[in-house]
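Enquirer: What the sequence shown shows, in this note's numbering, is residues 185 to 529, in sequence order. Don't be surprised by glycine CBs; every beta carbon is placed ideally from N, CA and C. Take a look at this one; I'll ask things after.
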Amino acid sequence: MEKNGLFEKSFFGSWYGKVLGILSMALVASALITFYATRLPMLQSVGTGPHLFTLLFTWLLMVPVVWVVAIVVCRLDRSAYFQRNELARWLLQAALLCVILPTVILYAVYFIYSRFLGANLWEHDYVNRDFVVVVFCVIMEQVFFEFRKNRIRIERLSEALATAGAREKSLLSRIELLEPKLANTKRDAVKLRAWLLELTQPIYVRLDGKEFVPVPVVRADSVYIDKVFAGQKMLQAGLPGGHVGEVREDSLQEIGSRFPFWMVKLKRSLLVPLMSIRAVGYASGVPYVQLFGEDRKVKVSASTLKDIKERITAYRNALGSDTPPGALDWLHTLLPDGSDDEDRS
Numbered sequence: 185m186e187k188n189g190l191f192e193k194s195f196f197g198s199w200y201g202k203v204l205g206i207l208s209m210a211l212v213a214s215a216l217i218t219f220y221a222t223r224l225p226m227l228q229s230v231g232t233g234p235h236l237f238t239l240l241f242t243w244l245l246m247v248p249v250v251w252v253v254a255i256v257v258c259r260l261d262r263s264a265y266f267q268r269n270e271l272a273r274w275l276l277q278a279a280l281l282c283v284i285l286p287t288v289i290l291y292a293v294y295f296i297y298s299r300f301l302g303a304n305l306w307e308h309d310y311v312n313r314d315f316v317v318v319v320f321c322v323i324m325e326q327v328f329f330e331f332r333k334n335r336i337r338i339e340r341l342s343e344a345l346a347t348a349g350a351r352e353k354s355l356l357s358r359i360e361l362l363e364p365k366l367a368n369t370k371r372d373a374v375k376l377r378a379w380l381l382e383l384t385q386p387i388y389v390r391l392d393g394k395e396f397v398p399v400p401v402v403r404a405d406s407v408y409i410d411k412v413f414a415g416q417k418m419l420q421a422g423l424p425g426g427h428v429g430e431v432r433e434d435s436l437q438e439i440g441s442r443f444p445f446w447m448v449k450l451k452r453s454l455l456v457p458l459m460s461i462r463a464v465g466y467a468s469g470v471p472y473v474q475l476f477g478e479d480r481k482v483k484v485s486a487s488t489l490k491d492i493k494e495r496i497t498a499y500r501n502a503l504g505s506d507t508p509p510g511a512l513d514w515l516h517t518l519l520p521d522g523s524d525d526e527d528r529s
């Protein structure tokens with residue numbers, strides 16, 4: 185048994201328990217029963233007192249009958265057990281609504297007629313004529329509920345299929361939109377991986393004549409050519425704290441080929457890591473680059489400045505919008521949005 189009237193609330197809130205529907209079904213059933221119970225021609229009996237009295241009496245009898253049928257069918261339709269065991273469900277429904285309920289109706293009508301009207305139904309053909317119509321109406325009510333249930337189920341399945349179809353179309357359209365983004369993401373991932381691999385490669389620097397030691401490329405402020413003797417060139421690396429060390433490589437071109445993205449050639453004799461650049465721009469129409477730790481501005485060519493901006497833009501685009509807050513502060517400071525317009529003031 186369902187507690188706190190939950191079944192009653194759900195029953196009367198569903199199509200099973202709609203009052204207008206139950207009253208209408210009872211009216212149709214009572215009209216059929218009255219028609220078969222009247223011995224006079226229908227056109228002669230309609231509108232007469234006995235006909236209307238029989239119609240009203242039968243309708244009052246059929247209202248609770250239809251209600252009982254609706255409640256039993258609703259209970260059985262919602263039972264998880266009987267949904268798994270349909271044979272048991274139909275056997276129980278037939279016993280309740282086709283045997284027990286008609287028997288109760290028969291004895292109820294017999295009691296009413298014998299108690300209040302003084303008529304003995306056994307002496308009339310009620311069982312062979314009128315009662316058969318009552319049983320027929322009870323069976324047709326069950327057929328109606330089954331038909332209505334299947335129709336509603338088909339409508340809901342159709343709505344579900346339509347919704348699923350709309351979702352499928354939406355997903356397919358999203359997939360079509362995401363495919364180019366996925367391709368771009370894969371391409372950006374390849375770029376980032378290559379750039380990160382560059383960062384894992386060190387340059388070898390010797391301080392004060394000692395052995396060459398690996399130094400991360402991002403720790404070097406710059407790599408430049410230092411003319412020690414006339415005609416003899418030596419590569420030097422500027423390190424944090426103002427230290428300067430000798431670089432093992434023989435040329436700037438060799439270092440540039442090892443770090444094609446992170447090392448930027450500002451001049452023929454100067455390479456700097458991209459993250460050592462503090463600012464870029466134009467001063468009096470001349471392109472310049474300013475490094476961290478230095479107040480001076482290094483004059484560069486327009487093509488070099490363009491190359492730096494393109495690298496920074498590519499790096500920022502590859503990181504995307506999902507980068508944690510603060511990770512792009514360096515990039516936004518170096519190349520804010522909209523800074524592609526040259527400031528030549």
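Going by DSSP in three states, Asp-405 sits in which element: helix, strand or coil?
Expert: The answer is coil: DSSP assigns Asp-405 none of H, G, I, E or B.
Enquirer: What would DSSP say about Leu-455, mapped onto helix, strand or coil?
Expert: Strand at Leu-455.
Enquirer: Compute the distance between the beta-carbons of Val-389 and Ala-421, then report whether it is under 9 Å.
Expert: Their beta carbons are under 9 Å apart, which means Val-389 touches Ala-421 by this criterion.
Enquirer: State the DSSP-derived secondary structure class of Pro-444, mapped to helix, strand or coil.
Expert: Coil at Pro-444, not helix or strand.
Enquirer: Does the separation of the CB atoms of Val-256 and Gln-277 fall below 9 Å?
Expert: Result yes, Cβ atoms of Val-256 and Gln-277 sit closer than 9 Å.
Enquirer: To the nearest angstrom, how far is it from the Cα of Glu-438 to the Cα of Trp-379?
Expert: Approximately 17 Å between the Cα atoms of the pair.
Enquirer: Which of the three DSSP states, helix, strand or coil, is assigned to Glu-430?
Expert: Three-state result, Glu-430: strand.
Enquirer: Assuming Ala-221 and Cys-321 are in contact, meaning their beta carbons sit under 8 Å apart, how far apart are those beta carbons, in whole angstroms?
Expert: So it is not a contact: roughly 12 Å between Cβ atoms.
Enquirer: Given a cut-off of 9 Å on the beta-carbon distance, is the pair Trp-446 and Leu-383 in contact?
Expert: Yes, Cβ-Cβ distance for Trp-446 and Leu-383 is below 9 Å.
Enquirer: So, for Ser-460: in the same chain, excluding its five sequence neighbours on each side, which residues have a beta-carbon less than 6 Å away from its beta-carbon?
Expert: Answer for Ser-460: Asp-405, Leu-475, Phe-476, listed in chain order.
Enquirer: For the beta strand (DSSP E) containing Leu-285, list its first residue and its last residue.
Expert: Segment 285-296 is the alpha helix (DSSP H) holding Leu-285; no beta strand (DSSP E) there.
Enquirer: Taking the DSSP output, what are the residues bridged to Pro-248?
Expert: For Pro-248, which the question treats as bridged, DSSP gives no partner whatsoever.
Enquirer: Taking C-beta to C-beta, are Pro-286 and Val-247 nearer than 9 Å?
Expert: No, these two residues do not count as a Cβ contact at 9 Å.
Enquirer: Among all the DSSP beta bridges, which residues are the ones paired with Leu-475?
Expert: DSSP lists Ile-461 as partners of Leu-475.
Enquirer: Alpha carbon to alpha carbon, how far is Gly-510 from Leu-458?
Expert: Legend: pLDDT at Gly-510 = 47, less than 50; position of this residue unreliable, no value from coordinates given.
Enquirer: Would you report the Cα separation of Tyr-408 and Val-402, rounded to the nearest angstrom?
Expert: In a straight line, the C-alpha of Tyr-408 is about 15 Å away from that of Val-402.
Enquirer: My assumption, with CB atoms under 8 Å, is that Ile-323 sits in contact with Cys-282. Please give the rounded CB distance.
Expert: Going by Cβ atoms, the distance from Ile-323 to Cys-282 rounds to 7 Å, so yes, they are a contact pair.
Enquirer: At the level of alpha carbons, what is the spacing between Phe-331 and Glu-325?
Expert: Rounded to whole angstroms, Phe-331 to Glu-325 spans 10 Å at the Cα level.
Enquirer: Figure out for me which residue from Leu-391, Asp-392, Pro-386 has the closest Cα to the Cα of Pro-398.
Expert: Selected option, being the one with the closest Cα: Pro-386.
Enquirer: Could you check whether Val-464 and Lys-483 sit closer than 9 Å to each other, using their CB atoms as the reference points?
Expert: Not in contact: Lys-483 and Val-464 (Cβ atoms no closer than 9 Å).
Enquirer: Given Glu-430, which residues of its chain have a CB within under 6 Å of its CB, disregarding the five upstream and five downstream residues?
Expert: Here the set comprises Arg-390.
Enquirer: Check this for me: beta carbons of Thr-497 and Lys-449, under 9 Å apart or not?
Expert: Taking 9 Å as the Cβ cut-off, Thr-497 and Lys-449 do not qualify as a contacting pair.
Enquirer: Ends of the alpha helix (DSSP H) at Tyr-499?
Expert: Here the alpha helix (DSSP H) through Tyr-499 covers 486-503.
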